[in-house]
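Colleague:
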Amino acid sequence: MQTLARTLTERQRSTLRTGLVAGTLASIASTAALMLCGRREAGSMVAPTNATSHWLWGDQAFDVRRPTLKHTALGYATHHASAIFWALIYGWLHASRHPAQSAPAALASAGAATALACAVDYTIIPHRLRPGFEHHLSKRSLGVVYGLFAVGLAAGCLLAQRRTAHE
Numbered sequence: 010m011q012t013l014a015r016t017l018t019e020r021q022r023s024t025l026r027t028g029l030v031a032g033t034l035a036s037i038a039s040t041a042a043l044m045l046c047g048r049r050e051a052g053s054m055v056a057p058t059n060a061t062s063h064w065l066w067g068d069q070a071f072d073v074r075r076p077t078l079k080h081t082a083l084g085y086a087t088h089h090a091s092a093i094f095w096a097l098i099y100g101w102l103h104a105s106r107h108p109a110q111s112a113p114a115a116l117a118s119a120g121a122a123t124a125l126a127c128a129v130d131y132t133i134i135p136h137r138l139r140p141g142f143e144h145h146l147s148k149r150s151l152g153v154v155y156g157l158f159a160v161g162l163a164a165g166c167l168l169a170q171r172r173t174a175h176e
């Protein structure tokens, strides 16, 4: 019985580590895509990130094109928290159960998790809680953003697994 409790604790720690590492890398990678695509399509590197703050500031957040603490910091914090949320689910479903994932397997499962996140973002949750960057970016650019999110998720999972294996 003692071993079972210890194993569950180790699994929980592994899931948490994977979620934090993978979520952070997914957030950074997708934010870089938001910035590049935003500059090209909206004329502002921060407009897509600012738009994410609309859950608190309302639709006026869609019009803010310069960096502000009010919109940019909250928008990034919201995006980062969402990335960690999805990475924790990904880590629990995949990383904890399949510790020997190869890079292609990690990318495939990260792609599936990202597709689920995208579907939830745009079909299930209310408008006020959607990412908001769709107001500035084309569907093609959204594909780039979510694609880099998946790459960051997979890379973070592999990095966290590698660290766990060395402990």
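Following our numbering, the numbering of the sequence shown begins with 10 at its first residue and continues without gaps. Just so you know, even glycine gets a beta-carbon here, dropped at the ideal spot from N, CA and C.
How many Å lie between GLY52 and LEU102 at the Cα?
Modeller: Cα atoms of GLY52 and LEU102: separation of roughly 39 Å, rounded to the nearest angstrom.
Colleague: Which of the three DSSP states, helix, strand or coil, is assigned to VAL55?
Modeller: Assigned with DSSP and collapsed to three states, VAL55 falls in coil, not helix or strand.
Colleague: Grab me the residues of MET44's own chain with a C-beta within less than 6 Å of its C-beta, minus the 5 sequence neighbours each way, in chain order.
Modeller: Its chain contains MET54 as the residues whose beta carbon lies nearer than 6 Å to that of MET44, once the 5 sequence neighbours on both sides are disregarded; these appear in chain order.
Colleague: If ALA35 sits next to ALA96, beta carbons under 8 Å apart, how far is it from one beta carbon to the other, in whole angstroms?
Modeller: 6 Å
Colleague: Could you give the DSSP three-state label for ARG49: helix, strand or coil?
Modeller: helix
Colleague: Output the distance between the C-alpha atoms of CYS166 and VAL153, rounded to the nearest integer angstrom.
Modeller: 20 Å
Colleague: Would you kindly work out how many angstroms separate the C-alpha atoms of TYR99 and TRP64, rounded to a whole number?
Modeller: 24 Å
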